[in-house]
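Single-structure report; data block below.
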Amino acid sequence: MGKLTEYLVGVIRAAELPEHKNEALPYMQKNGVYFFNVHDEGGVTAFTVPAKYAKDEGLMKLCRTERQRGLLYDLKKLLRRPGLIAGAVIFAAALSASRMILWDVRYEPGGGEDTAGVMKIARENGLYSGAPRAGIDRRRIENLILLGCPDVGYVRINVTGTVAVVVTDSRMTVPAPEKRKSPDLCASEDGYVVRYETYAGRAVVERGQTVKRGDVLISGTYETHHHGTVTTAAEGKVYALVCRTFLCETDATVPEKNYTGKTYVERALTLFSRSIGGKKEHEGCEKETAESELTVFRTVTLPVKLQTSTYREYTISYRDVDEDEANGKLTAMYDERISKLKEEGKIEKIAKKTYKEGGKYKLYCEVWLVCNIAE
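Counting in the working numbering, the sequence shown runs from 4 upward without gaps.
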């Protein structure tokens with residue numbers, strides 16, 4: 004007989020009385036009583052029989068009942084405890100009612116929008132932890148968010164079970180074209196003019212000329228034979244040899260964490276986005292936090308979350324950075340800056356110098372490149 008069958012049918016674990024030793028088994032065999040799991044326990048024969056044989060007076064005179072189990076037996080025990088039954092009924096009713104409550108509200112911004120404003124409008128219009136689901140008008144709240152937050156271009160409220168997720172994204176705006184204050188194109192920096200291209204206006208520089216920042220390169224005002232003085236928005240490019248300088252630096256000493264091996268664990272409960280307990284902090288420790296949801300019946304997510312914070316104790320020490328490591332970091336910075344300059348123009352010459360000063364390794368660089376300086 005399997006364990007499940009035993010529980011549904013009900014069984015009695017019994018042992019022979021000392022004064023009736025070796026009488027129970029012959030009696031059961033003679034009267035067709037089904038028995039199993041026969042063992043000798045301390046010189047006394049123990050066995051298991053179905054619960055229905057509890058009414059067999061002849062058998063009960065020969066043995067004592069040591070343990071009884073089964074579905075009907077457990078139900079009788081529960082019926083003798085009305086408080087437990089009432090608690091189970093109340094829990095079931097509360098669980099059923101909790102499905103009508105919104106236990107958690109999550110926000111998933113796309114980036115760039117006013118999330119605080121979105122949360123404020125949502126709360127003021129009934130979308131918050133602990134709110135009744137029946138009172139939530141999702142479409143109305145979405146429209147209010149779009150009207151109240153000009154930077155929000157998309158909003159969607161999804162309610163799944165007892166959790167609401169507010170998904171938003173920022174509005175795309177097309178920048179207005181900038182209007183030039185002057186019709187002329189001027190030099191954005193000092194340089195030596197290599198060549199120029201004029202599409203509109205009149206060039207006022209020559210090849211081989213040195214110009215300063217702010218000098219007019221292509222004028223939008225010029226004289227014509229038929230129309231006299233004409234003013235238009237100058238268009239063109241002026242390529243000049245310019246010098247760009249930059250400095251890369253890295254610390255000569257760096258801090259390092261040395262873990263002592265000591266750890267501390269703090270646990271806190273989060274109910275409706277409010278933390279309960281676990282406020283203690285540990286100085287000189289690295290903190291790792293993990294959060295887990297609590298569910299019942301594998302389908303209903305409770306509003307209570309367990310937050311476990313693990314603190315790993317460490318000390319700080321400082322070590323000197325050798326030249327090879329410092330040169331590696333400086334080279335990475337240098338390559339990044341040079342790659343950006345290559346996007347602006349053609350590099351003609353590079354001069355660089357590495358030195359150590361003020362507790363830092365430094366790389367000073369002068370880059371000569373040809374680029375368009377007209378703006």
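All residues carry an ideal CB built from backbone N, CA and C; glycine is no exception.
This structure is a prediction, so every number in the text was calculated from the model and none was measured.
Give me the Cα-Cα distance between residue i and residue j, rounded to the nearest whole angstrom.
{"i": "Y314", "j": "E284", "result": "9 Å"}
{"i": "V227", "j": "G204", "result": "Reading off the sequence, residue 227 comes out as Thr, not Val. Each residue's Cα considered, the two are about 11 Å apart."}
{"i": "K359", "j": "A255", "result": "8 Å"}
{"i": "A380", "j": "K290", "result": "With the chain running from 4 to 378 in the structure shown, residue 380 is simply not present."}
{"i": "L149", "j": "G129", "result": "16 Å"}
{"i": "E9", "j": "P21", "result": "27 Å"}
{"i": "T318", "j": "T334", "result": "31 Å"}
{"i": "V168", "j": "R109", "result": "5 Å"}
{"i": "I353", "j": "V370", "result": "5 Å"}
{"i": "S185", "j": "R216", "result": "15 Å"}
{"i": "H229", "j": "D218", "result": "29 Å"}
{"i": "V155", "j": "G133", "result": "26 Å"}
{"i": "E351", "j": "L344", "result": "11 Å"}
{"i": "V47", "j": "R70", "result": "15 Å"}
{"i": "R72", "j": "E286", "result": "55 Å"}
{"i": "Y131", "j": "L297", "result": "19 Å"}
{"i": "M122", "j": "T311", "result": "26 Å"}
{"i": "K332", "j": "D323", "result": "14 Å"}
{"i": "G115", "j": "V233", "result": "45 Å"}
{"i": "K355", "j": "T253", "result": "16 Å"}
{"i": "I221", "j": "E347", "result": "20 Å"}
{"i": "G13", "j": "A125", "result": "57 Å"}
{"i": "I139", "j": "D77", "result": "44 Å"}
At which residues does the beta strand (DSSP E) containing residue i begin and terminate?
{"i": "A354", "result": "G348 to E360"}
{"i": "L372", "result": "K363 to N375"}
{"i": "P53", "result": "V47 to P53"}
{"i": "K240", "result": "E238 to D254"}
{"i": "Y202", "result": "G194 to A203"}
{"i": "P112", "result": "D107 to P112"}
{"i": "Y225", "result": "T224 to T227"}
{"i": "Y10", "result": "No beta strand (DSSP E) contains Y10, which is instead part of the alpha helix (DSSP H) from K6 to V12."}
{"i": "E69", "result": "C66 to R72"}
{"i": "G156", "result": "V155 to T163"}
{"i": "H285", "result": "H285 -> no beta strand (DSSP E), and no H or E assigned at all."}
{"i": "S173", "result": "V166 to S173"}
For residue i, which residues from the same chain have a beta carbon less than 7 Å from its beta carbon, with the 5 sequence-adjacent residues on both sides left out?
{"i": "G194", "result": "V214, A243, L244, V245 and I376"}
{"i": "K265", "result": "E316"}
{"i": "K349", "result": "L372 and V373"}
{"i": "Q212", "result": "V196"}
Residue i: buried (16+ other C-beta within 10 angstroms of its C-beta) or exposed?
{"i": "F39", "result": "exposed"}
{"i": "T51", "result": "buried"}
{"i": "M31", "result": "buried"}
{"i": "I372", "result": "According to the sequence shown, residue 372 is Leu rather than Ile. Result: buried."}
{"i": "E209", "result": "exposed"}
{"i": "D187", "result": "buried"}
{"i": "G199", "result": "Here residue 199 turns out to be Tyr, not Gly, going by the sequence shown. So Y199 ends up on the buried side."}
{"i": "V196", "result": "buried"}
{"i": "E328", "result": "exposed"}
{"i": "V177", "result": "exposed"}
{"i": "L366", "result": "buried"}
{"i": "Y202", "result": "exposed"}
{"i": "S342", "result": "exposed"}
{"i": "E326", "result": "exposed"}
Give the range of the alpha helix (DSSP H) segment to which residue i is assigned.
{"i": "N128", "result": "Neither: N128 is in no alpha helix (DSSP H) and is coded neither H nor E."}
{"i": "R142", "result": "R141 to G151"}
{"i": "G231", "result": "Counting along the chain, G231 falls outside any alpha helix (DSSP H), though it belongs to the beta strand (DSSP E) covering G231 to T234."}
{"i": "Q212", "result": "Per DSSP, Q212 belongs to no alpha helix (DSSP H) and is neither H nor E."}
{"i": "N34", "result": "A27 to N34"}
Got a sec? Which residues, its chain only, sit under 8 Å from residue i by beta carbon, not counting five neighbours each side?
{"i": "D43", "result": "A49"}
{"i": "R340", "result": "F249, C251 and C368"}
{"i": "D117", "result": "C152, D154 and V155"}
{"i": "E3", "result": "With the chain covering only 4 through 378, there is no way to say anything about residue 3."}
Short of 6 Å in beta carbon distance, which residues of its chain neighbour residue i, apart from the five on each side in sequence? Order them along the chain.
{"i": "V170", "result": "E111 and R159"}
{"i": "V41", "result": "F50"}
{"i": "S295", "result": "L309"}
Would the beta-carbon of residue i be found less than 7 Å away from any heavy atom of the ligand GTP?
{"i": "Y337", "result": "With respect to the ligand GTP, the structure offers nothing, as it holds no ligand at all."}
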